[in-house]
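In our numbering, the protein residues as written are 434 to 759. Each remark here refers to the structure printed beneath this line.
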């Protein structure tokens, strides 16, 4: 009798399991490569699978607690100072928001992945503290020194001529990507330093709609080129939780990287999709980021003489003039 009851119970359990919908593990979720996820970044990031992203580039709200410090002489406000997406009721509210999206960022990064966060003095120190609290390992802080900064209109402070980028790996033990040779090649065979002089986004690169800026804080593509060439490889997946008008996506497409963007503003999404559609992948030779001196093509010295490029008896001086020979 007891055996019969147990058998009936097992049959009921088996039937219930067959009827129940299958649970989808996060690891089995298809990664939405080269797509914009419309909605709040934290909610959208929670839908993505664990350890699926190679690099994150984040340009979060700066929490501009300015009290009119960025008002022009005519009384108008500087871009982004009054935008709703940059309004937080307190530092505590901003810190809570920052912690929540960085928790998701940490979950999404592969073990050897890395994250870049850009900000100003209004927020970057708070972001850095939370990064460390969550277990990220800070590798560098990069100064983006603007070649054409906006002036301090009131003359009461130094001109804010830079923004800061924090580059961090997922953990202290991460074997993160750093294309050292590519950066040295870009910097005229000198080690790339942590101060980068680049102009702000202007001219034809600045996206406009009906004569006005499509986004108040659009970043220059040159900045993203350097970030991606330095810390990703072809085929890597790059996530931008604050996608805006798609600078990250456009550069990723050109460099042969996959991208995912989170954005809640329909106007920005429309501009980003148009922009990325027009972006053309670069020539294959432009995507070689791990050049080495050993792999560089070599030409025999004698061949230069035989071909008439050099005349016997000519004095040759090495770069920087440290060596010379006849």
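Quick reminder that beta carbons are idealized off the backbone N, C-alpha and C, glycines included. Source: prediction; values computed, not measured.
Do residue j and residue i have their beta-carbon atoms positioned less than 8 angstroms apart in this structure?
i           : j           : result
residue 654 : residue 684 : yes
residue 489 : residue 631 : no
residue 418 : residue 469 : The structure shown does not extend to residue 418, since the chain spans only 434 to 759, so no value can be given for it.
residue 670 : residue 691 : yes
residue 597 : residue 621 : no
residue 681 : residue 657 : yes
residue 551 : residue 492 : yes
residue 483 : residue 532 : no
residue 475 : residue 528 : no
residue 466 : residue 693 : yes
residue 761 : residue 556 : The chain is shown from 434 up to 759; residue 761 falls before or after that span and cannot be answered.
residue 604 : residue 570 : yes
residue 715 : residue 688 : yes
residue 629 : residue 559 : no
For residue i, which three-state DSSP category applies?
i           : result
residue 617 : helix
residue 491 : strand
residue 596 : strand
residue 574 : strand
residue 706 : helix
residue 499 : In this prediction, residue 499 has a pLDDT of 49, which is less than 50 and means its spatial position is unreliable; what the coordinates show is noted afterwards. Looking at residue 499 - three-state DSSP - the assignment turns out to be coil, as it is neither helix nor strand.
residue 528 : helix
residue 664 : helix
residue 748 : coil
residue 605 : coil
residue 711 : helix
residue 565 : helix
residue 554 : coil
residue 722 : For residue 722, the pLDDT reaches just 48, beneath the cut-off of 50, and the residue's location in the model is therefore unreliable, leaving the point undetermined.
residue 682 : helix
Just to confirm, does residue i get its C-beta within under 7 angstroms of one of the non-hydrogen atoms of the ligand PLP?
i           : result
residue 701 : Among the components of this structure there are no ligands whatsoever, and the ligand PLP is therefore not found.
Hey, out of the options, whose CA is closest to residue i's CA?
i           : options               : result
residue 594 : 554, 609 and 470      : 554
residue 565 : 577, 596 and 600      : 600
residue 568 : 584, 574, 535 and 520 : 535
residue 676 : 698, 690 and 691      : 698
residue 704 : 576, 678, 585 and 493 : 678
residue 463 : 615, 485 and 570      : 485
residue 626 : 652, 496, 520 and 576 : 576
residue 572 : 561, 530 and 674      : 561
residue 633 : 716, 616 and 583      : 583
Name the DSSP beta bridge partners of residue i, please?
i           : result
residue 471 : 696
residue 549 : 490 and 600
residue 629 : 577
residue 691 : 670
residue 542 : 486
Between the stretch 465–479 and the stretch 657–666, are three or more C-beta pairs nearer than 8 angstroms?
no
Is the stretch 537–552 touching the stretch 597–611 in the sense that three or more CB pairs, one from each, lie closer than 8 angstroms?
yes
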